[in-house]
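Line by line, the protein sequences are chains A and B. Residue numbers for the first sequence follow the working numbering, so the first one is 1 and each next one is one higher. Residue numbers for the second sequence follow the working numbering, so the first one is 1001 and each next one is one higher. Glycine included, C-beta positions come from ideal geometry on N, C-alpha and C. If you're wondering where the values come from, they're calculated on a predicted model, not measured in any experiment.
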Amino acid sequence: DTAVSQTPKYLVTQMGNDKSIKCEQNLGHDTMYWYKQDSKKFLKIMFSYNNKELIINETVPNRFSPKSPDKAHLNLHINSLELGDSAVYFCASSLNLDSGNTIYFGEGSWLTVV
Amino acid sequence: DAKTTQPPSMDCAEGRAANLPCNHSTISGNEYVYWYRQIHSQGPQYIIHGLKNNETNEMASLIITEDRKSSTLILPHATLRDTAVYYCIVRPNLSNFNKFYFGSGTKLNVKP
Chain A
1 DTAVSQTPKY
11 LVTQMGNDKS
21 IKCEQNLGHD
31 TMYWYKQDSK
41 KFLKIMFSYN
51 NKELIINETV
61 PNRFSPKSPD
71 KAHLNLHINS
81 LELGDSAVYF
91 CASSLNLDSG
101 NTIYFGEGSW
111 LTVV
Chain B
1001 DAKTTQPPSM
1011 DCAEGRAANL
1021 PCNHSTISGN
1031 EYVYWYRQIH
1041 SQGPQYIIHG
1051 LKNNETNEMA
1061 SLIITEDRKS
1071 STLILPHATL
1081 RDTAVYYCIV
1091 RPNLSNFNKF
1101 YFGSGTKLNV
1111 KP
């Protein structure tokens, strides 16, 4: 069973489109995250939700909007896609925000904007 | 503004121990040291973490110096499947969470 699963794995879309990436965790964790891995392979946090409440919102364009319908899901919606949005997006979860709790990652969603 | 420094790449012979160093000289007392690895086209995989004491699990051992300014990840018997990028991360508490990110890591090449 996949602990953190995200769909789609690959997404190719045109500039200006709106797209969503879905994420689900079956670990019973309270906290979920979205990370972006850029072309230099740096992985940077974008958002964090704890019990469906937004905790962390990094300097991300407001075209990116996370939505957490319940603790087990954190979806990422992106409006008006731009070329620079092309990257790998990772969903992750942890038991809670305590720094002693491991963060588990999904397999990534490869977004290509053309 | 990474809090950790790692060599960009290392080679290791298959079957030998791989020792991956990491410097984290600005670590605070309540910050954990985490190690992850990323195999091409996959998500980061958790390996091990520690605060002060050395730790061991089925994958690896983590040796943290007494002053906590550096650590070493040890893969006791490296296999070809251990070829990956290894990330050493200092995990801050909630107030500094925006500084938690993966840097460039160490590319470990395990050779036959």
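Where residue i meets chain A, residues with beta-carbon distance less than 9 Å
i	result
Glu1031/B	Ser99
Interface flag, residue i vs chain A, CB-CB below 8 Å
i	result
Ser1028/B	no
His1077/B	no
Pro1092/B	yes
Where residue i falls: helix, strand or coil (DSSP)
i	result
Leu83/A	helix
Asp70/A	strand
Leu1075/B	strand
Asp1082/B	helix
Glu24/A	strand
Pro945/B	Chain B is shown only over 1001 to 1112; residue 945/B falls outside these bounds and no answer can be derived.
Asn101/A	coil
Asn1057/B	coil
Gln37/A	strand
Met15/A	coil
Ile1048/B	strand
Thr1026/B	coil
Leu43/A	strand
Leu111/A	strand
Glu53/A	strand
Gln1042/B	coil
Thr7/A	strand
Asp1001/B	Residue confidence for Asp1001/B is low, a pLDDT of 46 falling below 50, so the modelled location carries little weight and cannot support an answer.
Residue i burial status per 10 Å Cβ neighbour count (16 or more: buried)
i	result
Arg1091/B	buried
Gly84/A	exposed
Asp1001/B	Caution applies to Asp1001/B, whose pLDDT of 46 falls short of 50 and renders its modelled position unreliable; the model cannot decide the point.
Ile1047/B	buried
Ser16/A	In the sequence as displayed, the identity of residue 16/A is Gly instead of Ser. With fewer than 16 Cβ atoms within 10 Å of its Cβ, Gly16/A is classed as exposed.
Ile1039/B	exposed
Glu24/A	buried
Glu1031/B	buried
Asp1082/B	buried
Thr1004/B	buried
Lys36/A	buried
Tyr1086/B	buried
Arg63/A	exposed
Contact set between residue i and chain A, taken where Cβ atoms lie within less than 7 Å
i	result
Tyr1046/B	Thr102, Tyr104
His1049/B	Thr102
Proximal residues of chain A, C-beta to C-beta of residue i below 8 Å
i	result
Gln1042/B	Glu107, Gly108
Residues that residue i contacts on chain B, provided the C-beta gap is smaller than 8 Å
i	result
Phe42/A	Tyr1101, Phe1102, Gly1103, Ser1104
Residues that residue i bridges to, as DSSP identifies them
i	result
Ile1089/B	Tyr1034/B
Lys1107/B	Ser1009/B, Val1085/B
Leu125/A	A query on residue 125/A cannot be resolved here, the shown segment of chain A reaching from 1 to 114 and no further.
Leu1062/B	Glu1055/B, Leu1073/B
8 Å Cβ cutoff, residue i in contact with chain B
i	result
Tyr90/A	It is worth fixing the name first, because residue 90/A is Phe in this sequence and not Tyr. It does: the Cβ of Phe90/A has a partner Cβ on chain B nearer than 8 Å.
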